[in-house]
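Student: This structure is in structure tokens; I'll ask about it shortly.
Number of protein chains: 2
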Amino acid sequence: MRQSQLFTKTRKDSPKDEVSKNADLLIRAGYIHKEIAGVYSFLPLGLKVLKKIEQIIRVEMNKIGGQEIEMTALQSKEIWEKTGRWDDAAIDIWFKTKLKNNTELGLGFTHEEPLTNIMRDYLRSFRDFPVYVYQFQTKFRNETRAKSGIMRGREFLMKDLYSFSRDQKEHEKFYEISKEAYMNIFDKVGIRDITYLTFASGGSFSKYSHEFQTISKSGEDTIFVDENNKIAINKEVLNDEVLNDLNIVRSTLTEHRAVEVGNIFSLGTRFSEALELFFTDEDGTKKPVVMGSYGLGPSRLMGVIAEVLSDDKGLVWPESVAPFDIHLISLGQKAEEEAVKLYDKLVKSGKEVLYDDRDMRPGEKFADSDLIGIPTRIVISDKTIEEGVFEVKNRKTGEVSKMSENDLLKMIIK
Amino acid sequence: MRQSQLFTKTRKDSPKDEVSKNADLLIRAGYIHKEIAGVYSFLPLGLKVLKKIEQIIRVEMNKIGGQEIEMTALQSKEIWEKTGRWDDAAIDIWFKTKLKNNTELGLGFTHEEPLTNIMRDYLRSFRDFPVYVYQFQTKFRNETRAKSGIMRGREFLMKDLYSFSRDQKEHEKFYEISKEAYMNIFDKVGIRDITYLTFASGGSFSKYSHEFQTISKSGEDTIFVDENNKIAINKEVLNDEVLNDLNIVRSTLTEHRAVEVGNIFSLGTRFSEALELFFTDEDGTKKPVVMGSYGLGPSRLMGVIAEVLSDDKGLVWPESVAPFDIHLISLGQKAEEEAVKLYDKLVKSGKEVLYDDRDMRPGEKFADSDLIGIPTRIVISDKTIEEGVFEVKNRKTGEVSKMSENDLLKMIIK
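Put into structure tokens, the structure is as follows:
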């Protein structure tokens, strides 16, 4: 895409009302627009990143047998009353609204209830198990404060998967598989080495739940990392019993601020019993379905990546989620012709290229490029043409090299 | 995908609370689930169809220069007050909700206001034009009645594009281009021959707006079709002046019930003036931006396709939007082995195949297949194996033929 066509522009000044680094950078680079605190629109560059993260997650969810659906934001009171989660006293983050006839509706902050209800139509026999269902869907949470940019929104995209199993054993098997899938996702988006499977508080049906926490100074959580075992314990549950359970010595732990990028939770039969999701088992008895929920927010993940991988010049996207693979910059009219040729070759080879064809000073173009954070920058100028090379810069390492077209294409197209 | 793995099942009985054909069929075939009247979840088969329609629309919007974004459902009062569209007396389909601090918020039923507001950050000079921005986003409309299934929802997916032009002439050029893009979309989803560009009421800035109306007995609108010119006039605006404008004789018109599947609208400077979206033109003067809006609901389109292309046995999807290309059915254990072989070949060749590997009676499998409506059905049974052929049925025409594997693969893979 030609940058002159892209309707967004970068801005030098930080927005006045943002305290979070991710929102500050993403707004300045033209990725997102703030509508209300905690409510952000995704502009072309931002939507591209979000969709790439979504697709990485989708691939992993499909691999472990997930079936994709899309449920609704509008929620009817009846099913949530059955689980005791309708009352604002029980759930203090509901957004509620009304039909014309005054029927109260809620805006879904999660979807255990409606999916359990849907499953009553389909899960009847032990032969129907196991089933894993997920969606990418917009959640609404009426947070009192919303100061973390897209890391904690009032309206945000969520991947929520729910598992339906015959018994605890079948459930636990998938629960372990899901951990691997999550770590694959963090690997692919470039934050695996700073993301830890973290033991957190469970519920009536399991001693622990598990969070995936990414180390970040701006994180809202405190975790204690055991680097040898590559796991962590949320401060909220850290005590001698937990250390004993995990066979960990307190002195090996290091304290960090961290952001929760995902969580997985054994729900037992809490929802299936309340909503009467029963099945007939092999022995003819009626049993409640054993459930689990598995959350991961693509927009939050995007915020975390922006927050932890950026530098003082701007965003630094890993190749897997960058809005474009290459930022091609031409300086001067003579360079334009060469740039268009290279642009065509790169696009033809399947690369996504943002071509800065704007009539601006080099310094401005470079500053924009650093702020936008595309992994590879290629500069074509009178000087490079004269030398018969292209100037290639790696956004992450800052490394600059001069390459012939042959070497460049070899490196990029692979 | 193996049908035994698909968590949805068909049902024989119509849901009691549905009067619309599309919802009846889509629910019975396991494509959607009704949450509340006018509020439907999309199950695996349904989401596949919806995503294919979305992608067809996306390709056409990108072709005409659209840049994709995603705005938010939650809307702040301030910007809507500026255009006079906040008050429930002016707009009677708002869903409204509140932040904890009692700040009122709306749930977007359209997005002229927030996008005009976003554009204030980016459109400043005549050099910035034209710009076309679109999104696929969930709209909320508090309809009093919602009895048309997914053809008219209270919560539904919408593609809304907005154009921003320097002047009326630039606007009109794109407005005409958009008509072609819309007809391309209707062509690709298989309803072009029953869909008409329809003259409807305009606003302060243009005499007419244009709807795209698809002929359907269940439609809420009445249109008068001029078959020679392939256009129609909405009953609401039919008078001598319109006939004169269009150079049409009343006697050539035929009356039909129809569903509005899309609409395009010249907005003039109504929104840009109210929200102060001005730019500096070439001559140095400050001018309001000329806007247009272009709506098309993927979920409504899916409902219309379900409604008008189905038959008494069930759904009939065009290849372009079908959840799978092929419904492969094996009858009996011996056939299973052959079916798996063929399944692997078809999948390897890039086809999407639903393989009915369930242990059920042939009649049930065939009825399910007709209800689900995948374009091509292939049956493998003891008998076909003996004959060394496959039985291939075209869901739309009902035509059945027996083919050797070679001929079958030639026909399908092309």
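Protein chains in written order, with my numbering: chain A, 66 to 479; chain B, 66 to 479.
From the three backbone atoms N, C-alpha and C, an ideal C-beta is built for every residue, glycine too.
#1: Would you list, in chain order, the members of the region 210–240 of chain A that have their beta-carbon closer than 7 Å to a beta-carbon of chain B?
#2: Assuming the contact rule is C-beta atoms closer than 8 Å, A/ILE122 and B/LEU108 should be a hit. Round their C-beta distance to whole Å, please.
#3: Run through the DSSP bridge pairs and tell me what A/ASN166 is partnered with.
#4: Sorted by chain position, which residues of the same chain lie with C-beta nearer than 6 Å to A/LEU473's C-beta, five sequence neighbours on each side aside?
#5: In terms of alpha-carbon separation, which member of B/LEU303, B/VAL196, B/ASP409 and B/ILE144 lies closest to B/VAL355?
#6: Using a Cβ cut-off of 8 Å (strictly closer), state whether B/MET136 contacts chain A.
#7: Is A/HIS98 helix, strand or coil by DSSP?
#8: For B/LYS99, tell me which candidate among A/LEU90, A/VAL104 and A/ALA138 has the shortest Cα-Cα distance.
#9: Can you list, in chain order, the residues of its chain with a C-beta nearer than 7 Å to that of B/ARG257? Leave out the 5 residues immediately preceding and following it.
#10: DSSP beta-bridge partners for A/ARG335?
#11: Taking only three categories from DSSP, how would you classify B/GLY214?
#12: Spell out whether any CB of chain A is found under 8 Å from the CB atom of B/PHE107.
#13: At a Cβ threshold of 8 Å, is B/PRO80 touching chain A?
#14: Closer than 8 Å, Cβ to Cβ, to anything on chain A: give me those residues from the region 178–189 of chain B, in chain order.
#15: How is the beta strand (DSSP E) around A/ARG219 delimited, first residue to last?
#16: Quick check on DSSP: helix, strand or coil for A/HIS176?
#17: In whole angstroms, give me the CA-to-CA distance for A/ILE259 and B/LYS238.
#18: Which residues of chain A have a Cβ atom closer than 8 Å to the Cβ of B/GLN68, listed in chain order?
#19: Helix, strand or coil for A/GLU470? Go by DSSP, reduced to three states.
#20: Relative to the C-alpha of B/ILE443, which residue among B/TYR408, B/GLU452, B/ASP424 and B/LYS77 is closest?
#21: What residue range is occupied by the uninterrupted alpha helix (DSSP H) comprising A/ALA432?
#22: B/PHE160: which of B/SER141, B/ASN166, B/GLU177 and B/LYS147 sits nearest, CA to CA?
#23: Can you list, in chain order, the residues of its chain with a C-beta nearer than 7 Å to that of A/LEU90? Leave out the 5 residues immediately preceding and following it.
#24: Quick check: the region 323–341 of chain B against the region 274–290 of chain B, are there 3 or more CB pairs under 8 Å?
#25: B/ARG192 bridges to which residues according to DSSP?
#26: Leaving aside the five residues before and after A/THR203 along the sequence, list all residues of the same chain whose C-beta is less than 8 Å from its C-beta, in chain order.
#27: Run down chain A in chain order and give the residues with a C-beta less than 7 Å from the C-beta of B/LYS161.
#28: For A/GLY333, which residues of its own chain have a beta-carbon under 6 Å away from its beta-carbon, when the five flanking residues on both sides are left out?
#29: Based on Cα-Cα distance, which residue from A/VAL405, A/PHE264, A/GLU464 and A/ARG150 lies nearest to A/PHE336?
#30: Interface residues of chain B around A/THR51 at Cβ under 7 Å?
#31: With burial defined as no fewer than 16 other Cβ atoms inside 10 Å of the residue's Cβ, what is the status of A/ARG50: buried or exposed?
#32: By the DSSP assignment, the alpha helix (DSSP H) with A/TYR408 in it spans what residues?
#33: Does A/LYS165 get closer than 8 Å to chain B when you measure Cβ to Cβ?
#34: State the beta-bridge partners of A/ALA265 as determined by DSSP.
#35: For A/ALA155, is the classification buried or exposed, using 16 other Cβ atoms within 10 angstroms of its Cβ as the cut-off for buried?
#36: Need the endpoints of the beta strand (DSSP E) that A/LYS351 sits in, please.
Tutor: Taking the structure as given:
#1: ARG219 and GLU220
#2: Residue numbering aside, residue 122 of chain A sits at position 57 when the first sequence is read from its first letter. Residue numbering aside, residue 108 of chain B sits at position 43 when the second sequence is read from its first letter. 20 Å between Cβ atoms; not a contact.
#3: Position 101 of the first sequence, counted from the start, is the residue given in the question as residue 166 of chain A. DSSP, once it has assigned bridges, lists no residue as partnering A/ASN166.
#4: In the first sequence, counting from the first residue as 1, residue 473 of chain A sits at position 408. Hits under 6 Å: PHE455.
#5: As a working note, residue 355 of chain B is residue 290 in the second sequence. Closest by alpha carbon: B/VAL196.
#6: Sequence index remark: in the second sequence, residue 136 of chain B carries index 71 (1-based). It does; some Cβ of chain A falls within 8 Å.
#7: Here residue 98 of chain A is taken as the residue at index 33 of the first sequence, counted from 1. DSSP places A/HIS98 in strand when its eight states are reduced to three.
#8: Within the second sequence, the letter at position 34 stands for residue 99 of chain B. For B/LYS99, the nearest C-alpha among the options comes from A/ALA138.
#9: Within the second sequence, residue 257 of chain B is the residue found at index 192, counting from 1. Counting only Cβ-Cβ distances below 7 Å, and skipping sequence neighbours, we find MET248 and PHE251.
#10: Within the first sequence, the letter at position 270 stands for residue 335 of chain A. A/ARG335 is not bridged to any residue.
#11: In the second sequence, counting from the first residue as 1, residue 214 of chain B sits at position 149. Helix.
#12: Residue numbering aside, residue 107 of chain B sits at position 42 when the second sequence is read from its first letter. Yes, B/PHE107 lies at the interface with chain A (some Cβ there is under 8 Å from its Cβ).
#13: Against the second sequence, residue 80 of chain B aligns to sequence position 15. No, no contact with chain A.
#14: PRO179, ILE183, MET184, ASP186, TYR187 and LEU188
#15: In the first sequence, the residue the question calls residue 219 of chain A occupies position 154. Careful: A/ARG219 lies outside any beta strand (DSSP E) and carries neither H nor E.
#16: Position 111 of the first sequence, counting from 1, holds the residue named residue 176 of chain A. If DSSP states are grouped into helix, strand and coil, A/HIS176 belongs with coil.
#17: Here the question's residue 259 of chain A lines up with position 194 in the first sequence. Here the question's residue 238 of chain B lines up with position 173 in the second sequence. Their Cα atoms are separated by approximately 52 Å.
#18: The residue you call residue 68 of chain B lines up with position 3 of the second sequence. None at all; the shortest Cβ gap to chain A is about 12 Å.
#19: Working through the first sequence from its first residue, we reach residue 470 of chain A at position 405. DSSP places A/GLU470 in helix when its eight states are reduced to three.
#20: Taking the first residue of the second sequence as position 1, residue 443 of chain B is located at position 378. It is B/TYR408.
#21: As a position in the first sequence, residue 432 of chain A is number 367, starting the count at 1. Element bounds for A/ALA432: 427–437.
#22: As a position in the second sequence, residue 160 of chain B is number 95, starting the count at 1. With distances taken between Cα atoms, B/PHE160 lies closest to B/SER141.
#23: Residue numbering aside, residue 90 of chain A sits at position 25 when the first sequence is read from its first letter. These residues qualify, in order along the chain: ALA371, SER375, GLY379 and LEU380.
#24: yes
#25: Position 127 of the second sequence holds residue 192 of chain B. In DSSP, B/ARG192 forms no bridge with anything.
#26: Locating residue 203 of chain A in the first sequence gives position 138, where the first residue counts as 1. Same-chain partners within the cutoff: ALA138, GLU220, PHE221, LEU222 and MET223.
#27: In the second sequence, residue 161 of chain B corresponds to position 96, counting from 1. Result: THR162.
#28: For the purposes of this step, residue 333 of chain A is identified with residue 268 of the first sequence, where counting begins at 1. If we look at A/GLY333 and ignore the five residues flanking it on each side, its Cβ neighbours are PHE270.
#29: As a working note, residue 336 of chain A is residue 271 in the first sequence. Ranking A/VAL405, A/PHE264, A/GLU464 and A/ARG150 by Cα distance to A/PHE336 puts A/ARG150 first.
#30: No information on residue 51 of chain A is available, as it lies outside the stretch 66 to 479 that chain A covers here.
#31: Any answer about residue 50 of chain A is impossible in this case: the structure gives chain A only from 66 up to 479.
#32: By 1-based counting over the first sequence, the position of residue 408 of chain A is 343. That run of the alpha helix (DSSP H) goes 398–413.
#33: Within the first sequence, the letter at position 100 stands for residue 165 of chain A. Answer yes: the Cβ-Cβ gap between A/LYS165 and chain B drops below 8 Å somewhere.
#34: Within the first sequence, numbered from 1, the residue matching residue 265 of chain A stands at position 200. In the DSSP output, where bridge partners are listed per residue, A/ALA265 has A/SER274.
#35: Position 90 of the first sequence holds residue 155 of chain A. Looking at its Cβ environment, which holds fewer than 16 other Cβ atoms inside 10 Å, A/ALA155 is exposed.
#36: Locating residue 351 of chain A in the first sequence gives position 286, where the first residue counts as 1. Residues 351–353.
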